[in-house]
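Chains A and B, in that order, give the protein sequences.
So in the numbering used here, the last one in the first sequence is 136, and the numbering has no gaps at all.
So in the numbering used here, the last one in the second sequence is 962, and the numbering has no gaps at all.
Ideal Cβ placement from N, Cα and C applies to all residues, glycine included.
Everything on this sheet refers to the single structure shown next.
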Amino acid sequence: MDHLADLLPGTLDLLILKAVSLGPQHGYGVLLRIEQVSGGRLQIEQGALYPALYRLEHQGMLRSEWGTSENNRRAKYYRLTAAGRRRLRDEAEGWQKVVAAMASVLSARPEEV
Amino acid sequence: MFARIRSTWRAVTRRTAWEQDLEEELRTHVECRTEDLMRAGLSREEAERRARIELGAHETYKEQCREAQGLRWPDELQQDLSYGLRSFRRNPGFTAVSVLTLALGIGATTAIFTVVNAVLLRPLPYPHPEQLVYVQEILGEYGLSPFMSNREFAAWRNQSRTLSQIAAYMNFTANLTGGGEPERISYGMATTTFFSILGVHPVVGRLFLTEEDRPGGPPVVILSEALWKHRYGADPSVIGKGIILDGKVYSMVGVLPDSFVIPDQWNIKYTLWVPLIGGDTGRASVGPVRVIGRLKHGVNLPTARSELDTILQSSLPKSFPVKVSVVLSPWQEQIAQGSRLSLLLFLGATGFLLLIACVNVANLLLSRAATRQKEMAVRLTVGAARARIVRQLLTESLVLALLGGLIGLALARWGKDLLIAFISPNLPSLEPIGLDYRVLAFSLALAAITGLAFGLAPALQASRVSLNEVLKEAGRGGELRRGMLLRNLLVTSETALAMVLLVGAGLLFRSFLRVLGIDLGFKSEHTLCVSIDLTLSKYPTPKDQARFFQQVIEGIKSLEGVQSVGGSGIPPLGNRTGMVTGLAVEGRSEEIGSASFANISPDYFRTMGIPLKQGRDFGDRDRDGSPSVAIVNETFARRYFPSEICLGRRVSSWVHKKDWLTIVGIVGDTRHRVEKEPDPQIYVPYLQDGQPFMTLLVRTAGNPRLWEGAVRRQIASVDKDQPPHDFATLEQLEATSLTPRRVNMLLLGAFATLGLILASVGIYGVVSYSVSQRTHEIGVRTALGASQNAVFKLVVGQGLRSALIGTGVGLATSVGVARFLQAMLFAVKPADPVTFLLAGLLWMCIALLACCVPARRATKVDPMVALRYE
């Protein structure tokens, strides 16, 4: 389960939106947060993170500003916009539905058919 | 969408900062990762190495970030632009020719459009101009009349519910005296509402009050700013003082700003305004008036028209002889009536010119594309998409077009004043014509469209290269044939376009020659004209008036170098017309019809060089108290006495009801308007039937202008308060009356000439190019024994074929297009075979010349050189 983003296109955006929704974060922080929250099960190809961040910002889902990181470095912090929050909610809902559907399909037993 | 464009725009405009940010963001990432890895126990070097490897292909991600930001398109555009500019710099000749050709086309079209915009499109300079309407009526078979009777105006003013306001105005001329030199001025009469409809405010003083345009209102006058400045030195204290107009005192109440213009198709100047008493005044003092109105909010034109028509019909007397109906048009449309056709014609002509320019540049681009084939092939081979190449070539042609557009705009800006000065006789008077946003948008759009128009075909052609053949350098023949076909097609089409212009100009030229060849019936050399309109209060009776003119004529006659002096109330080419209707002939029971009418002095025919055909001229014995006499022209005699002797018969009209006029002479026909057939005409001696106005014609021994001062002094010596006006030579009047026609002809002629030049440059370019491409082939032919003559014929024949086809197509198209010119032609049919033949011949000669130069070069090809080249 190394690179989930490769598995299902679109999931990377969702993961980023979710990570940023927990509080403004810089690129590397987004990466760590996804790893940490998933208990290390989801790892993202590091370089691929940035085009995704730029795309989301261009689409108006994120807003960025320069700030200082915890180890005193100049870092670009991303935060969720209202549009980003809506998108996160919609996509999360969609994801839940897919998961529920998949789960019920995969747990189906012969006698239920 | 908008947010994304803004986000891209920010990145483009602050590109360096954007790139630095991206770099720094990635660096921070690596540094953070390095620290984390060191914390996990790696050495600094190892940690840095790992961090970089984990981040992955750094530059690829940066590129992806750029794309995510929407920067790819602007980046590529920038590349295309800089590439295009570089290649233009390498080919300055090509660039200059293309840009100049386009600038010429766009400039000419923009300049004409500037005028079209001002006359036909730009709203009138009054509040809510779209509500302004002009009232006209159709009077049975007499046609459209722009004048209404004052009674009709009053009916509308009292009854209309569809117009929020209605006003009447009219122009007159008068002698202005008192305080300064006496002047003949043209002025306006207007109802009080006129100024409120147009929303004008006075510079000084006030405008008319409501009661001032009612019967019995006080005599007041509003000055124009120009008159106020030149006659009163812009002194505000003149308000309340008097001014004498035709002997009557008016008190000045206000001054109108210079910016207040009444545009109309007659170019009338209004030096001052006095109130027009609307409605039945009890005396027929005003006569016909012009009527404008303002539509009520939400009322449309047809509704208002039918209401005005209903009111008109009910106000007419029961036995009105002709059928009358109202025509209501937007004021702007009415103003532009006279110039619309010629303006649209010019716009069409410049459109053709621009098309020719486009075709020429397309041709140049094609030739250039051929030399860039290898470059294109290489780019395609290393993986460029075809669409990308087309886009790059289109970007280049758009840049060319925009450069052309900018220079064209500059040309138009500079040329429009020239143009306007030139065609102003054909334009309504307007406020100054300028380049506004509409003109800018027009020329920009024009540039963009032309860029696509001339760029698309060459771009598609160039990107369709066959890789193998080009890279092997063997496929030149194959590509050439296809390219040549397209090129010949372009030459054919520009020839056709130039032909249409040439035929149009030719038709106008032939019409002009026809008009020049018209015999006006009089001799116009060495003749000075000057008009005098007497102040009626000083010269109230015909006797007084005749005495004044007699004294003036005698005085001028005595001047040295004056050969003869004649006078006429209604001279040819003048603005006045005179008509008698209901003519009766003694011994016939029915009226015979109508005729033009003029009161003349005894020496009039001699001065004008009008031949006496039968009978006698007027003399001093034909005066008040002697038997009433008349002289008629040949048309009169022919029409009304076709099989009888005309001389000695007696005629009368309602003007002369009590008096029979004996016809004592018959003179040659004259034309009152150059392009109008002579009317039947009656002349009577002014000593028997005087009038308060006369134009004197003074035949002099030399340049008639030199006698102007002496004539002026003579008139002043009789009465200095009767200012002579409209000094001109008869030749000038003749030239002026031809001006609109001359302007149309010369302008279209200029466009046709430009079109011919461009088209011949086009054909020259194509033939030279084909010669340079076929050097090898020509070398082989010569080596195998082809004579120089044969080579010459081969090259010329090829060029002439396209020209010939184009001529055919152009002439066929002209038959259709020329019909639009119908209204501007005189005694020439739109499908005039002479014009078509001459136009075709002229172009074939030019085309032959354009082909000969490169063909001669082809004959000079040295077979050895040509073959070794391969």
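Residue-chain proximity (B:TRP101, chain A), Cβ-Cβ < 8 Å: Using beta-carbon distances, B:TRP101 does not count as an interface residue toward chain A, since no partner is under 8 Å.
B:ALA95 versus B:TRP101: straight-line alpha-carbon distance, rounded: Taking the straight line joining both Cα atoms gives about 10 Å.
CB contact below 8 Å: A:TYR73 versus chain D: Considering every chain present, this structure includes no chain D. Its protein chains are A and B.
Near-chain A residues of the region 159-183 of chain B (beta-carbon distance less than 9 Å), N- to C-terminal order: The residues in question are GLU159, ALA160, GLN161 and GLY162.
Residues near B:PHE444 by beta carbon distance below 7 Å, same chain, minus five either side: Apart from sequence neighbours up to five positions away, the residues of its chain that approach B:PHE444 with a beta-carbon distance below 7 Å are LEU589, VAL592, LEU593 and GLY847, ordered along the chain.
Inter-residue Cα distance where the pair is B:ALA143 and B:ARG158: Approximately 22 Å, taken between the alpha carbons.
Cβ contact (3+ pairs, closer than 8 Å) linking the region 422-429 of chain B and the region 813-825 of chain B: Taking 8 Å as the limit for Cβ pairs, the verdict is that the region 813-825 of chain B does not touch the region 422-429 of chain B.
Under 8 Å between C-beta atoms of B:SER535 and B:LEU501: Yes, Cβ-Cβ distance for B:SER535 and B:LEU501 is below 8 Å.
DSSP state of B:THR126 mapped onto helix, strand, coil: Three-state result, B:THR126: helix.
Chain-ordered chain B contacts of A:ALA98 [CB-CB under 7 Å]: Correct list: THR120.
B:PHE689: first and last residue of the uninterrupted beta strand (DSSP E) it sits in: Where B:PHE689 is concerned, the enclosing beta strand (DSSP E) starts and stops at 685-692.
Chain-ordered neighbours of A:GLU68 on chain B, where CB pairs are closer than 7 Å: Within 7 Å Cβ-Cβ: GLY148.
C-beta neighbour in chain A for B:GLU138, strict 8 Å: No, its Cβ sits nowhere closer than 8 Å to a Cβ of chain A.
Residue-level contact to chain B via CB, A:ARG102, 8 Å cutoff: No, its Cβ sits nowhere closer than 8 Å to a Cβ of chain B.
Residue burial classification, B:GLY175 (beta-carbon count within 10 angstroms, cutoff 16): First, the residue type needs correcting, since residue 175 of chain B is Tyr and not Gly in the sequence shown. Looking at its Cβ environment, which holds fewer than 16 other Cβ atoms inside 10 Å, B:TYR175 is exposed.
Euclidean distance between Cα positions of B:VAL657 and B:SER431: So the two alpha carbons sit approximately 38 Å from each other.
Where B:GLN992 meets chain A, residues with beta-carbon distance less than 7 Å: Past the edges of chain B, shown from 93 to 962, lies residue 992 of chain B, and the structure says nothing about it.
B:THR152 burial status per 10 Å Cβ neighbour count (16 or more: buried): When all chains shown are included, B:THR152 counts as exposed.
Extent of the continuous beta strand (DSSP E) to which B:TYR775 belongs: 773-777 is the span of the beta strand (DSSP E), which, as asked, contains B:TYR775.
Minimum C-alpha distance to B:ALA326 - residue among B:GLU317, B:ASP172, B:SER417 and B:GLN706: Among B:GLU317, B:ASP172, B:SER417 and B:GLN706, the Cα nearest to that of B:ALA326 is on B:GLU317.
Contacts around B:LYS388, its chain only, beta-carbon distance under 7 Å, and the 5 residues preceding and following it disregarded: Correct list, in chain order: THR254, LEU255 and SER256.
Cβ-Cβ distance between B:ILE230 and B:ALA851 below 8 Å: Result no, Cβ atoms of B:ILE230 and B:ALA851 do not sit closer than 8 Å.
B:PRO380, DSSP secondary structure in three states: B:PRO380: coil per DSSP, three-state reduction.
Cross-chain neighbours of A:GLY83 in chain B, by beta carbon under 9 Å: Per Cβ cutoff of 9 Å: ALA95, ARG96 and SER99.
Sequence-distant residues of its chain with Cβ nearer than 7 Å to B:TYR631 (five each side left out): Cβ neighbours of B:TYR631 beyond the five flanking positions: GLN637, PHE640 and PRO784.
B:LEU290 beta carbon less than 8 Å from that of B:LEU364: Taking 8 Å as the Cβ cut-off, B:LEU364 and B:LEU290 do not qualify as a contacting pair.
Any 3 or more C-beta pairs closer than 8 Å across the region 614-628 of chain B and the region 921-941 of chain B: The region 921-941 of chain B and the region 614-628 of chain B do not touch, with fewer than three beta-carbon pairs separated by less than 8 Å.
Other residues of its chain near B:LEU972: CB distance less than 7 Å, five sequence neighbours each side excluded: Nothing can be reported for residue 972 of chain B, as the shown portion of chain B is limited to 93 through 962.
Selection from B:GLU467, B:LEU393, B:GLY661 and B:ALA687 that minimises the alpha carbon distance to B:VAL672: The candidate whose alpha carbon is nearest that of B:VAL672 is B:ALA687.
Any non-hydrogen atom of the ligand NAD within 7 Å of A:ALA98 CB: With respect to the ligand NAD, the structure shown offers nothing to examine, as it has no ligands at all.
Within-8 Å CB hit, A:ARG109 to chain B: Judged by the 8 Å Cβ criterion, A:ARG109 is not in contact with chain B.
Secondary structure of B:PHE264, DSSP reduced to three states: The answer is strand: DSSP assigns B:PHE264 an E or B state.
Backbone secondary structure at B:THR725 - three-state DSSP: According to the sequence provided, residue 725 of chain B is Asn. The question's Thr does not apply to it. Look at B:ASN725 here: in three-state DSSP terms it is strand.
Sequence-distant residues of the same chain with beta carbon closer than 7 Å to B:VAL531, five excluded per side: In chain order, THR202, PHE205, THR206 and ASN209 place their CB closer than 7 Å to the CB of B:VAL531, counting only its own chain and leaving out the 5 sequence neighbours on each side.
Among B:LEU511, B:TYR732, B:ASN263 and B:LEU169, nearest to B:ASN359 - alpha-carbon criterion: With distances taken between Cα atoms, B:ASN359 lies closest to B:ASN263.
Where A:GLY50 meets chain B, residues with beta-carbon distance less than 7 Å: Think of a sphere of 7 Å around the beta carbon of A:GLY50: the chain B residues whose beta carbon falls inside it are GLU117 and HIS121, in chain order.
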